[in-house]
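S.K.: If you scroll down you'll find the structure; I have some questions about it.
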Amino acid sequence: MCALIRREFFIIFHRKIDILNHLYFFIIIIVLFPLSFSPELLLLSHTIAGVVWISVLLSIFLSLERLFRDDFLDGSLEQIMLTPIPLPLIIIIKVMAHWIWSSLPLVLISPLLLVFFQLIITFGLLLF
């Protein structure tokens, strides 16, 4: 089981461009969103929490395809399924590794949006 965890982190760590692609996509959505509305801070502060979470979901959907694709294409998914590790545990390990490398950076940069949009802290709590 530890070998599977190490393997997942090794594979994800060596595909840094995939991690950066959806992070850049998230940042582009957040930066371009205020340009499509009026510059009123009150309107922006009421809509930004929803926009942040929608852009997080869209950027996560971008990276979901590669969760099992590469393992399927090179045949290692079949070999992993032949191990004595239960299949639900294999899926949990893959999903947790994917979440740590793709979703955790999005969660960590979301509070920085408070500074970018000049929002007060009470509106920032809507993000979480």
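Residue numbers (my numbering): 8 to 135.
Quick reminder that beta carbons are idealized off the backbone N, C-alpha and C, glycines included.
1) DSSP three-state call for E72: helix, strand or coil?
2) Is the Cβ of F79 closer than 9 Å to any Cβ of chain B?
3) So what's S117 in DSSP terms, helix, strand or just coil?
4) Whose CA, out of F68, V63, F17, E15, lies closest to the CA of L115?
5) So, for I12: in the same chain, excluding its five sequence neighbours on each side, which residues have a beta-carbon less than 8 Å away from its beta-carbon?
6) Where does M103 fall in DSSP's three states?
7) Short of 8 Å in beta carbon distance, which residues of its chain neighbour L69, apart from the five on each side in sequence? Order them along the chain.
8) Considering E85, what are the terminal residues of the alpha helix (DSSP H) in which it resides?
M.R.: Walking through what the data contain:
1) Indexing the sequence shown from 1 puts residue 72 at position 65. The three-state reading of DSSP puts E72 in helix, counting H, G and I together.
2) The question asks about chain B, but that chain is absent: this structure has only one protein chain.
3) Position 110 of the sequence shown, counting from 1, holds the residue named residue 117. In the structure shown, the three-state DSSP call for S117 is coil.
4) The residue labelled residue 115 in the question sits at position 108 within the sequence shown. L115 has its Cα closest to that of V63, out of F68, V63, F17, E15.
5) Position 5 of the sequence shown, counting from 1, holds the residue named residue 12. Correct list, in chain order: I100, A104.
6) Your numbering for residue 103 matches position 96 in the sequence shown. Reduced to three states, the DSSP call for M103 is helix.
7) Indexing the sequence shown from 1 puts residue 69 at position 62. If the five residues before and after L69 are omitted, its C-beta is found closer than 8 Å to the C-beta atoms of N28, H29, F32, all from its own chain and listed in chain order.
8) Counting from 1 along the sequence shown, the entry for residue 85 is found at position 78. For E85, the uninterrupted alpha helix (DSSP H) run begins and ends at 83-88, by DSSP.
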